[in-house]
Every structure is written in C-alpha cells, then in structure tokens.
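Residues 602 to 828 in the working numbering are what the sequence shown lists, from first letter to last. First the structure, in the form of structure tokens, and then the observations on it.
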Amino acid sequence: MTTLTLAAAQSISIAGDLAGNIARHQHFMQVAAEQGVQLLVFPELSLTGYERGLAAQLAIAPDAAVLQPLRDFAREVGVTAVVGMPIRLSDTSPVLIGALTLGADGSLGVYSKQHLHPGEEVAFAPGSGGAPLIIGADTIALAVCADFTHADHAAMAAQNGAGIYAAGVLITAKGYDPDTALLQGYADAHSMVVLMANHGGATGGWESAGRSAVWASDGSLIAAGAG
602 MTTLTLAAAQ SISIAGDLAG NIARHQHFMQ VAAEQGVQLL VFPELSLTGY ERGLAAQLAI
662 APDAAVLQPL RDFAREVGVT AVVGMPIRLS DTSPVLIGAL TLGADGSLGV YSKQHLHPGE
722 EVAFAPGSGG APLIIGADTI ALAVCADFTH ADHAAMAAQN GAGIYAAGVL ITAKGYDPDT
782 ALLQGYADAH SMVVLMANHG GATGGWESAG RSAVWASDGS LIAAGAG
C-alpha cells in the first residue's frame, strides 16, 4: 500500500488563457498543499483547455520561462503537479499533447501522449511517453486520455514497476462508464492504484463528465468527484 498522498484536480480551464489557467492551477495546488497532498494530477491540456484550433500557437517548450512561476510555486508549497500543455520539443518539432511534471524539488518531467483520439491528428502528433515519476518509494506511470484505452500501456507500466497509474483526461458522459471500467480493471488486474483527473466543465466544445476518481489496487473505488 502506498504512503503517498495523491489527488486529482478537477479543474475548469479558460480557453487559451495560459496566465489565467496558471492562476487557477496555483489555487488548486495551494488547497492541495493545505490538505497534505504530495502529488496533484490535472486533466488533459489543463493549462490551455482542450483547444485543438489554438494548439499550434499556444505550444511551448517544456522548460519555457512562462511556466517558471508555476514551477516555483510547486517548490514553494511542496506539491508535485502534473499539468497538461501543448508542447514542442524543438522549434521545428510537431505539437504534442504534454503532461509536465513540476516537481516539489524543482525538477521537470516531460511526458507526451502516445495514442491520439480520432481527429486529434489535425493538431497534434503522437508522442513517445516518458519516464515514470519516482516520489519516495513510489513509482508513478503517467497516461493522457486515449493512452489508457490501449491495454498494453497500463500493462507495460505495471511491468516497469509502477504502483500508481495516473491519467489526465477529457471524458464525456457518454464515454465515462466504459472508460472508467477500463481504469478500474487495470487497478485490479495489475494491483496498481489508478487515478483519473477529468475536466470539471466544458472545454473545446466537449462537455466533460467530471467525476474524477481514484481506485485502490484491488479495483475498489476510493473516491470520486462530482459530475
């Protein structure tokens, strides 16, 4: 059983407003810190909203200076945050859907979504994943939305020693039951704690179902947010 305190941030993004969303993320991180949370996971593309049409102009390098205040805040409050952002790994690289880990120790981790939803290819390229997070004695594997619909993604995470599988997502009401059945199944099948952080409201023309959740390593539901 993990001793890590983790949480899903069921945030609502302001379309294309990086500064406004950074402020919202800082609020969530402050509240999380006050509750003793060590790892806080935000939804897919949380810093911009799920705005495919804006992705190319909003995309940044993972270590861009614009995110330094958020990285500094993570260190200040002692919370490691996984945030969603369109990224480019170089000036000439395609846009990827990134999940950036802003470490409480000042470190920066980069994960890029490997499996795209149909239609995302008009704005994004498939990414290559990323190394698991290590926090104390815990190994955490990351996923971004459609990644978890591929069973081998979770299986590989377990094979690589992850005890926690954390996914930032955008899931609608229609997709909620089948998607969460998959996640719950991974928890049971691989004896991993599974966390799913979903948007708290509409984004990019999609109405999110909310109801972020955490399942124990036996598949039982630990907690779920409001819809």
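Every residue, glycine too, gets a C-beta built ideally from N, C-alpha and C.
| Nearest-angstrom beta carbon gap, residue 736 and residue 639 [assumed within contact, 8 Å] | About 6 Å; that satisfies the 8 Å criterion.
Cutoff 6 Å; reference residue 783; Cβ partners in own chain excluding five residues on either side = Leaving aside the five residues that flank residue 783 on each side, none in its chain has a CB nearer than 6 Å to its CB.
Quick check on DSSP: helix, strand or coil for residue 805? Three-state DSSP puts residue 805 in coil, outside helix and strand.
Should residue 693 go down as buried or exposed, given a rule of 16 or more other Cβ atoms within 10 Å for buried? By the 10 Å Cβ count, residue 693 comes out exposed.
**Asked** In three-state terms, what does DSSP make of residue 761?
**Response** Coil at residue 761, not helix or strand.
- Message: Given this structure, state the Cα-to-Cα distance separating residue 752 from residue 629, to the nearest angstrom.
- Response: Note on geometry: alpha-carbon atoms of residue 752 and residue 629 lie some 31 Å from one another.
Own chain partners of residue 659 with C-beta closer than 6 Å, once the 5 adjacent residues on each side are dropped
Closer than 6 Å at the Cβ level, and outside the excluded window around residue 659, lie 649, 687.
Considering only DSSP beta bridges, list what residue 697 is partnered with. In the DSSP output, where bridge partners are listed per residue, residue 697 has 688.
request  = Please check the pair residue 809 and residue 771, which I expect to be a contact at CB under 8 Å, by giving their CB distance rounded to whole angstroms.
outcome  = Residue 809 to residue 771, Cβ: 6 Å. Contact.
> Out of curiosity, what's the CA-to-CA distance linking residue 715 and residue 677?
Replying inline: The alpha-carbon atoms of residue 715 and residue 677 are separated by roughly 31 Å.
- Compute the distance between the beta-carbons of residue 682 and residue 641, then report whether it is under 8 Å. Taking 8 Å as the Cβ cut-off, residue 682 and residue 641 qualify as a contacting pair.
Self-check item: Cα-Cα separation, residue 656 to residue 819
Solution: Cα to Cα, residue 656 sits roughly 38 Å from residue 819.
- residue 764 beta carbon less than 8 Å from that of residue 794: With respect to residue 764, residue 794 sits close: the two C-beta atoms are nearer than 8 Å.
Would you decide whether residue 748 is buried or exposed? Buried here means 16 or more other CB atoms lie within 10 Å of its CB. Flag for residue 748 reads buried.
task: Mind reading off the beta-carbon distance from residue 798 to residue 610? Whole number of angstroms is fine, and I expect it under 8 Å.
output: The Cβ separation is near 6 Å, so the contact holds.
query = Applying the criterion that 16 or more other CB atoms from any shown protein chain within 10 Å of the CB defines a buried residue, is residue 608 buried or exposed?
reply = Burial state of residue 608 is buried, judged by a 10 Å Cβ sphere holding 16 or more other Cβ atoms.
Q) With distances taken between CB atoms, is the gap from residue 696 to residue 725 smaller than 8 Å? A) Yes, the pair counts as a contact, with Cβ atoms nearer than the cut-off.
* Buried or exposed by the 16-neighbour rule on C-beta atoms within 10 Å, applied to residue 780 -> It counts as buried.
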